[in-house]
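Enquirer: For the sequence shown, my numbering assigns the number 7 to the initial residue and increments by one for each residue that follows. For every residue, glycine included, the Cβ atom is placed at its ideal position computed from N, Cα and C. Keep in mind the model is a prediction, meaning the values are calculated, not measured. The structure's right below; bear with me while I get my questions together.
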Amino acid sequence: MVSICIGFHVALDLARRGARVILACRCPVRGAAARDQIRVQSGNQQVLLRLLDLSSMESVRDFAQKIQQEEPELHLLVNNAGVSAFPKKMTSDGFDYTFATNHIGPFLLTSLLLDLLKSSSPSRVVILASSFHSRGVVDFSHFRGENLQHEAAQVYNNTKLHNVLWSNELSRRLQGTGVAVNCVHPGIVMTDVMRHNPLRNRIIFNLLGFFFFKRPEEGAVAPLYCAVSQEMNGVSGKYIDSDCSLTLPCSQAQDLHLAREGYETCLRLTSNL
Ligand SMILES: NC(=O)c1ccc[n+]([C@@H]2O[C@H](COP(=O)([O-])OP(=O)(O)OC[C@H]3O[C@@H](n4cnc5c(N)ncnc54)[C@H](OP(=O)(O)O)[C@@H]3O)[C@@H](O)[C@H]2O)c1
């Protein structure tokens, strides 16, 4: 079922607003199902599917090249995809799989699309972070899977802390370009995000989720607020909470030095891939 993830509902809402929406999905079957469902539910035929596996830098470059060739304008990039508690695995580019998917792939993708976003300004970049970033630790050797504890969701938390640092630094670098960058915590949302977690954690999440957590369409509200609301015109470098309020991330996520170092490290690691 494709409609139980936040990204589906973000895309559906954008399509209902009449946007030309490109779904960037790694699985052609699930991607086509999502595209068809969104076309039917929105009545908008300008919903397209392009394949993208964020864990592969080759796939990221192929996707970005296609977008540059096919799209004269790009007004919004939503970095939504993410994995949690994925078993320890290295990618062929030499990155930890969770870091590649949650942080390095989105970093490279956004970097490659920056010129298009700038020439289409005003434009926005939205990064799906998480309140769990506050439990993260920063160690840049983690990108390569070194010194990385694969315990439950710790790697996920680390990647989400990097997401917030990256959002801040990217926003700083894009000042004056008309490209706004913000990151958002969508809330605790009943999706498939726990699919790689231990069975016990999944059962607890699903039981609690059934009664207390947001539904996927509710989880799309704060990301959509960042993406399209008038109130966010000209707002950049902020952390938006699930109730759409501007709030402060944890103190480590506000560290400018760490943010710059993380950005430079990602640039260096992706430059020849
Ligand atoms: N749910 C929550 O409570 C919660 C809380 C805070 C933050 N978030 C964040 O919100 C975002 C969306 O999460 P969700 O809850 O909707 O999770 P989800 O249901 O697991 O959806 C994640 C999406 O990411 C895609 N994806 C995973 N790996 C990919 C890759 N290598 N390349 C391209 N796409 C890939 C998945 O595609 P497939 O269909 O192919 O698997 C899926 O569509 C994530 O960044 C997550 O960290 C979620």
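Going by DSSP, name the residue or residues bridged to M96.
Expert: Translated into the one-based positions of the sequence shown, residue 96 becomes position 90. In the DSSP output, where bridge partners are listed per residue, M96 has D102.
Enquirer: With R178 and G243 assumed to form a contact (beta carbons below 8 Å), what rounded beta-carbon distance in angstroms separates them?
Expert: For this step, residue 178 is matched to residue 172 along the sequence shown. For this step, residue 243 is matched to residue 237 along the sequence shown. For a cut-off of 8 Å, the C-beta gap from R178 to G243 is around 6 Å, short enough to register as a contact.
Enquirer: What's the C-alpha gap between G24 and N50?
Expert: Residue numbering aside, residue 24 sits at position 18 when the sequence shown is read from its first letter. Residue numbering aside, residue 50 sits at position 44 when the sequence shown is read from its first letter. Cα-Cα distance, rounded: 7 Å.
Enquirer: Measure the C-alpha to C-alpha separation of N174 and Q260 and round it to an integer number of angstroms.
Expert: Numbered from its first residue, the sequence shown carries residue 174 at position 168. Numbered from its first residue, the sequence shown carries residue 260 at position 254. Roughly 8 Å between the two C-alpha positions.
Enquirer: I need the DSSP call for L205, collapsed to helix, strand or coil.
Expert: Here residue 205 refers to the residue found at position 199 of the sequence shown. DSSP places L205 in helix when its eight states are reduced to three.
Enquirer: Once the 5 residues before and after Q155 are set aside, which same chain residues still bring their CB inside 8 Å of it?
Expert: Your numbering for residue 155 matches position 149 in the sequence shown. For Q155, where only same-chain residues beyond five positions count, the Cβ hits under 8 Å are V161.
Enquirer: Work out the CA separation of H168 and E267 for me, nearest whole Å.
Expert: Here the question's residue 267 lines up with position 261 in the sequence shown. Here the question's residue 168 lines up with position 162 in the sequence shown. Near 11 Å, if we compare the C-alpha coordinates of H168 and E267.
Enquirer: In whole angstroms, give me the CA-to-CA distance for F227 and F14.
Expert: Position 221 of the sequence shown, counting from 1, holds the residue named residue 227. Position 8 of the sequence shown, counting from 1, holds the residue named residue 14. Note that residue 227 corresponds to Val in the displayed sequence, not to Phe. Distance between V227 and F14, taken at the CA atoms: about 12 Å.
Enquirer: Considering only residues of the region 118 to 150, which uninterrupted beta strand (DSSP E) runs meet the minimum length of 3 residues and lie entirely inside it, listed in chain order?
Expert: Listed in chain order, the complete beta strand (DSSP E) runs (minimum 3 residues) inside the region 118 to 150 are 129 to 134.
Enquirer: So, under 8 Å CB-CB, G182 and K220 are touching, yes? Tell me the CB distance rounded to an integer number of Å.
Expert: Here residue 182 refers to the residue found at position 176 when the sequence shown is read from its first residue. Here residue 220 refers to the residue found at position 214 when the sequence shown is read from its first residue. Not really, about 36 Å apart at Cβ, beyond 8 Å.
Enquirer: Bridge partners of N188, per DSSP?
Expert: Here residue 188 refers to the residue found at position 182 of the sequence shown. V132.
Enquirer: Considering A38, what are the terminal residues of the alpha helix (DSSP H) in which it resides?
Expert: Here residue 38 refers to the residue found at position 32 when the sequence shown is read from its first residue. P34 to S48 is the extent of the alpha helix (DSSP H) around A38.
Enquirer: From I28, L176, R22 and I44, pick the residue whose C-alpha is nearest to that of I10; which is it?
Expert: On the sequence shown, position 4 is the one that residue 10 refers to. Among I28, L176, R22 and I44, the Cα nearest to that of I10 belongs to I44.
Enquirer: Enumerate in chain order the residues of its own chain whose CB-to-CB distance from S140 is below 6 Å, with the five nearest sequence positions on each side excluded.
Expert: Working through the sequence shown from its first residue, we reach residue 140 at position 134. Contacts found: C256.
Enquirer: In chain order, what residues of the same chain lie with their CB nearer than 7 Å to the CB of H148, ignoring the 5 residues before and after it?
Expert: Here the question's residue 148 lines up with position 142 in the sequence shown. Here the set comprises D102, F105, L154 and N164.
Enquirer: How about S136 and H191: do their beta carbons lie closer than 8 Å?
Expert: By 1-based counting over the sequence shown, the position of residue 136 is 130. By 1-based counting over the sequence shown, the position of residue 191 is 185. In contact: S136 and H191 (Cβ atoms closer than 8 Å).
Enquirer: Taking the alpha carbon of E157 as the point to measure from, which residue in C272, L230, E79 and A91 has its own alpha carbon closest?
Expert: Locating residue 157 in the sequence shown gives position 151, counting from the first residue. It is A91 whose Cα lies nearest to the Cα of E157.
Enquirer: Could you give the DSSP three-state label for N86: helix, strand or coil?
Expert: Indexing the sequence shown from 1 puts residue 86 at position 80. Shown here, N86 sits in coil according to DSSP, grouped into three states, outside any helix or strand.
Enquirer: What do you reckon, are the CB atoms on N85 and L134 nearer than 8 Å?
Expert: As a position in the sequence shown, residue 85 is number 79, starting the count at 1. As a position in the sequence shown, residue 134 is number 128, starting the count at 1. Yes, they are a contact pair.
Enquirer: Round the Cβ separation of A40 and V27 to the nearest angstrom and send it over; I've been treating them as touching at under 8 Å.
Expert: Position 34 of the sequence shown, counted from the first residue, corresponds to residue 40. Position 21 of the sequence shown, counted from the first residue, corresponds to residue 27. Actually they do not touch by this definition, with Cβ atoms about 10 Å apart.
Enquirer: Would V170 be called buried (16 or more neighbouring beta carbons within 10 Å of its own) or exposed?
Expert: Looking up residue 170 in the sequence shown gives position 164. Under this definition V170 is a buried residue.
Enquirer: Compute the Euclidean distance between the alpha carbons of R22 and Q236, then round it to the nearest angstrom.
Expert: For the purposes of this step, residue 22 is taken as residue 16 along the sequence shown, with counting starting at 1. For the purposes of this step, residue 236 is taken as residue 230 along the sequence shown, with counting starting at 1. As the crow flies, the alpha-carbon of R22 is around 17 Å from that of Q236.
Enquirer: For F69, count neighbouring C-beta atoms within 10 Å of its own C-beta (all shown protein chains included) and say buried if the count is 16 or more, exposed if not.
Expert: Position 63 of the sequence shown, counting from 1, holds the residue named residue 69. By the 10 Å Cβ count, F69 comes out buried.
Enquirer: Bridge partners for A228 per DSSP, in chain order?
Expert: The residue given as residue 228 occupies position 222 in the sequence shown. Paired residues: none, contrary to the question.
Enquirer: Could you give the DSSP three-state label for K166: helix, strand or coil?
Expert: Along the sequence shown, read from residue 1 onward, the residue named residue 166 stands at position 160. Residue state, collapsed to three classes: helix.
Enquirer: Among the residues of its own chain, which have a CB less than 6 Å from the CB of N108, if the five just before and after it don't count?
Expert: Counted from its first residue, the sequence shown places residue 108 at position 102. Around N108: G88 and T165.
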